[in-house]
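Please read the structure below before turning to the comments.
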Amino acid sequence: MTTTTSTSAEPTPLEPPARSRVVRRRRVLLGVALAAALVAVGGVGAATLVKSPAERAAQSAPPPNSLLTAPVVSQVLTPSIAARAVVYPPAQYNVVPVPASADVTQLFVSKLAVKPGDAVTAGKLLAEVSGQPLFALPGPVPAYRDLKPGSSGPDVAELQDALAGLGHGIGEDDKGSYGPGTAAAVSAFYRALGYPVPTTGATTQQAVDTAQKAVDTDKQTVDGLTAQKKAGTAQPPPARPPAGQGAAQPAQQPAATGDLDQQLANAKKQLATDQAALTKARAANGPMVPAAHVLFLPALPATVTAVNGAVGSPVSGPLLSLTSGGLAATGQLTPAQAAGVKPGMAVELLAEDTDTTVPGTVAEVGTPTTAAPAGKVITLGGSAAGGSAAGGGAGPQPGAAGAGGGAPNNQPGGQSYVPVTITPNTPLPAAMSGKNVRLTVLKAKAGSPVTAVPIAAVSTDAAGRTSVTRVDAAGTRTTIRVTTGVTVDGLVAVTPAEGAVIKAGDQVVVGK
3 MTTTTSTSAE PTPLEPPARS RVVRRRRVLL GVALAAALVA VGGVGAATLV KSPAERAAQS
63 APPPNSLLTA PVVSQVLTPS IAARAVVYPP AQYNVVPVPA SADVTQLFVS KLAVKPGDAV
123 TAGKLLAEVS GQPLFALPGP VPAYRDLKPG SSGPDVAELQ DALAGLGHGI GEDDKGSYGP
183 GTAAAVSAFY RALGYPVPTT GATTQQAVDT AQKAVDTDKQ TVDGLTAQKK AGTAQPPPAR
243 PPAGQGAAQP AQQPAATGDL DQQLANAKKQ LATDQAALTK ARAANGPMVP AAHVLFLPAL
303 PATVTAVNGA VGSPVSGPLL SLTSGGLAAT GQLTPAQAAG VKPGMAVELL AEDTDTTVPG
363 TVAEVGTPTT AAPAGKVITL GGSAAGGSAA GGGAGPQPGA AGAGGGAPNN QPGGQSYVPV
423 TITPNTPLPA AMSGKNVRLT VLKAKAGSPV TAVPIAAVST DAAGRTSVTR VDAAGTRTTI
483 RVTTGVTVDG LVAVTPAEGA VIKAGDQVVV GK
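First residue of the sequence shown: 3, per the numbering used here; consecutive thereafter.
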C-alpha cells in the first residue's frame, strides 16, 4: 500500500509579534521626519525675526520728504463778507371784526371760509360775522369809514381799482368819486360774492322822499303861475310861498301882472333849489361798502397764519391773522463788518438746508441794536382787546410778527449787531420764512477771471519779494516772482514778473 504526502505552495503568515515590530519602526520614522520639519520651519521663522541694527534703523527712519502741491486756477475773485441773516414776513395783520350797523350788539362767527396756510386773493371771502361778510381787497389805505354814494378820496379810488381788477368797471365816474358807476360795480361784486347788496339805509331814503315831495310841489306852483300868466288872470299865490315872499295874498285881491311875474320867477328859483337837493339826496343813497366788510391789504396774495375761533363762537380779539407783502430779510453784521458795507452792494442769501440761493442788494445799513429782526403787527378793525370802532382802524406796533413772523437774534447773549436791510432781486421762497440763512455781501462787482493760487503757495523773502514755486511733471521746481492782488476765500490773485509764465493747471508748492 502506497501513502502519498501533499505539500502547499502558499507562504506561511507571520506571527503577531513580528507584525507589531514592523508597525513600530514605521511610526518612529514618521516622527523623526515631523520633528525635522518643525525644526526647519522654526529656524526660518527665527531667522526672519532676528534683524541687524542697520535694518532696524532703516525701518524706523521717517519717510523721505514729499511736496504738497495745489493747482493754479483762473477765476473771478470778488471780495466778500460772510454773515447771517433772518428771513421773516414784513407785516402781520390781526383782524378784529366790528359791527356793520348799530343794531348789532354781539358778534358771532357764522361762517369760516379759510384755514391756516390758505392764500388770500382779491375779493376772497374770509369769514362771516353775525351774517355779514368779511372779504379782502388790495389797497394801501385801511378801511376807516363806510364807502357810499357821494364819498370821495383815496380810499374810494382804491375801491374802484380793486373792483376794476375783479372785472367790475365804474363807468363814467371820476377816479376817487363814488358815483352811479361805482355803485353799480359794488352791486355786481356783492351779487358775485353771494350776499345782499348793502345800502345807505332809511335815513338817506327819507331825505330822497322829502326832496322829491318839495320838487313836486314846486312844479305844480310853476305850472299854475305859468297858466295864469298865459290866461291874463291872477290867482291867489300857492299855499307855500316862494322863497323870500311873505304870507299868501287873499284870493279876492287880484295880483298885478308885475307881481305875477315875480311869483313865477321865485317859484322857478325854488324849483331849481329843490331839484339840486333831490339830486344830492339821490347821490347819497344806494349801494355801499361798510368798513366792517372789507380788509384793504397793501399786497395780495396774503397768507392766513392763524384762525382764532369756530363757527358759533363769540368774537373776542383777533379772529384772523394774515401775513402780506412777501418775505423780508435783515442781515446781522458785526460793527467791523458793517464798516465796509454800503447800500447798493450785491448780496446772496443761501438757505443751507435747501441749497437755495437768492441774489439781492443792500438797501440800508442801520445802527447797532440788540433787538431781534421782525416785522410789524397791524390791527385791522377794532382794538386787539376785542373792542369795536365804527369804520375800523389800523396802527403799526413794534414787535414780533407772530407765527412765522420773526426769528430770534442769532448774536450770542443778545450782543449788539448792525442790521442790514436786504432787497432780494426775486421774491424770497416761502420755505425761507423764519429761517436763519447765510448772507454773503459782495464788496465789489464781479470782474474778469484772474490767475490765482492758494495763499499758502506765496512766500516772501527777506527783501519783501513774493514768489511761488512751480513743480512740473518730472518734479523739477522753478521759483517764479509774482505780484499779489485781491485775496478771497483762501485764494490770492498773482501776476508773474516780466518774462515769467504761470497759468491755470500748473502745480505750485503749498507745503511739505
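Note that beta-carbon positions come from the ideal geometry of N, C-alpha and C, so glycine has one too.
Quick caveat, the model's predicted, so the values are computed rather than measured.
Are residue i and residue j touching if we call contact CB-CB under 8 angstroms?
| i | j | result |
| --- | --- | --- |
| Leu335 | Val422 | yes |
| Ala331 | Ile424 | yes |
| Ala341 | Ala138 | no |
| Gly501 | Val452 | no |
| Thr381 | Pro431 | no |
| Asp220 | Ala159 | no |
| Val343 | Val443 | yes |
| Pro151 | Gly333 | no |
| Ser418 | Pro370 | yes |
| Val470 | Ile504 | yes |
| Gly169 | Ala186 | no |
| Val143 | Asp163 | no |
| Ala353 | Pro81 | no |
| Val309 | Lys117 | yes |
| Val97 | Pro320 | yes |
| Leu149 | Leu136 | no |
| Val224 | Leu273 | yes |
| Gly377 | Pro140 | no |
| Val439 | Leu329 | no |
| Val420 | Arg472 | no |
| Thr485 | Val496 | yes |
| Gly311 | Val111 | yes |
Which of helix, strand or coil does DSSP assign to residue i?
| i | result |
| --- | --- |
| Leu516 | With the chain running from 3 to 514 in the structure shown, residue 516 is simply not present. |
| Lys221 | helix |
| Ala124 | coil |
| Gly513 | strand |
| Asn268 | helix |
| Ala302 | The displayed chain sequence assigns Leu, not Ala, to residue 302. Residue state, collapsed to three classes: coil. |
| Gly248 | The pLDDT assigned to Gly248 is 41, lower than 50, so where the model puts this residue is not dependable; a value taken from the coordinates is nonetheless given after this. If DSSP states are grouped into helix, strand and coil, Gly248 belongs with coil. |
| Lys505 | coil |
| Lys215 | helix |
| Glu130 | strand |
| Val74 | coil |
| Leu444 | strand |
| Lys378 | strand |
| Ile83 | strand |
| Gly226 | helix |
| Tyr192 | helix |
| Ala93 | strand |
| Thr201 | strand |
| Thr184 | helix |
| Lys113 | strand |
| Val158 | helix |
| Ala1 | What is shown of the chain runs 3 to 514, which leaves residue 1 out entirely. |
| Gly383 | strand |
| Thr107 | coil |
| Leu36 | helix |
| Leu165 | helix |
| Ala312 | coil |
| Ala499 | coil |
| Ala274 | helix |
| Ala233 | helix |
Does the Cβ of residue i lie closer than 7 angstroms to at least one heavy atom of the ligand ZN?
| i | result |
| --- | --- |
| Glu354 | With respect to the ligand ZN, the structure offers nothing, as it holds no ligand at all. |
Rounded C-beta distance between residue i and residue j? I'm assuming under 8 angstroms.
| i | j | result |
| --- | --- | --- |
| Val349 | Val367 | With 8 angstroms as the limit, Val349 and Val367 do not qualify as a contact, their Cβ atoms being about 12 angstroms apart. |
| Arg479 | Arg467 | Actually they are not in contact, since the Cβ atoms of Arg479 and Arg467 sit about 17 angstroms apart, beyond 8 angstroms. |
| Leu302 | Ala145 | That pair is no contact at about 15 angstroms. |
| Asp508 | Val78 | Rounded, the Cβ-Cβ distance is 19 angstroms, inconsistent with contact. |
| Val379 | Val122 | Incorrect: roughly 17 angstroms between the Cβ atoms, too far for contact. |
| Val188 | Met434 | Actually they do not touch by this definition, with Cβ atoms about 39 angstroms apart. |
| Leu165 | Leu227 | At roughly 47 angstroms, the Cβ-Cβ gap does not stay under 8 angstroms, so Leu165 and Leu227 are not in contact. |
| Met290 | Thr202 | 5 angstroms |
| Pro426 | Gly362 | 4 angstroms |
| Leu70 | Gly477 | Leu70 to Gly477, Cβ: 13 angstroms. No contact. |
| Gly178 | Gly155 | 6 angstroms |
| Ala216 | Asp176 | Not quite, the Cβ-Cβ distance comes to about 28 angstroms (not below 8 angstroms), so this is no contact. |
Of all Cβ atoms in chain D, is any one closer than 8 angstroms to the Cβ of residue i?
| i | result |
| --- | --- |
| Val89 | Included in the structure is just one protein chain, with no chain D present. |
Ranges of the beta strand (DSSP E) found wholly within the stretch 318 to 376, counting only runs of at least 3:
322 to 326, 330 to 335, 348 to 353 and 358 to 367
Determine contact between the stretch 290 to 301 and the stretch 324 to 341, defined as no fewer than three beta-carbon pairs at a distance below 8 angstroms.
yes
Assess contact between the stretch 260 to 274 and the stretch 311 to 319, defined as three or more Cβ pairs (one per stretch) separated by less than 8 angstroms. Is contact present?
no
Sufficient close CB pairs (3 or more, under 8 angstroms) joining the stretch 126 to 143 to the stretch 99 to 118:
yes
Residue ranges of each beta strand (DSSP E) run of no fewer than 3 residues wholly in the stretch 409 to 494, ordered along the chain?
420 to 426, 438 to 444, 452 to 456, 468 to 473 and 479 to 490
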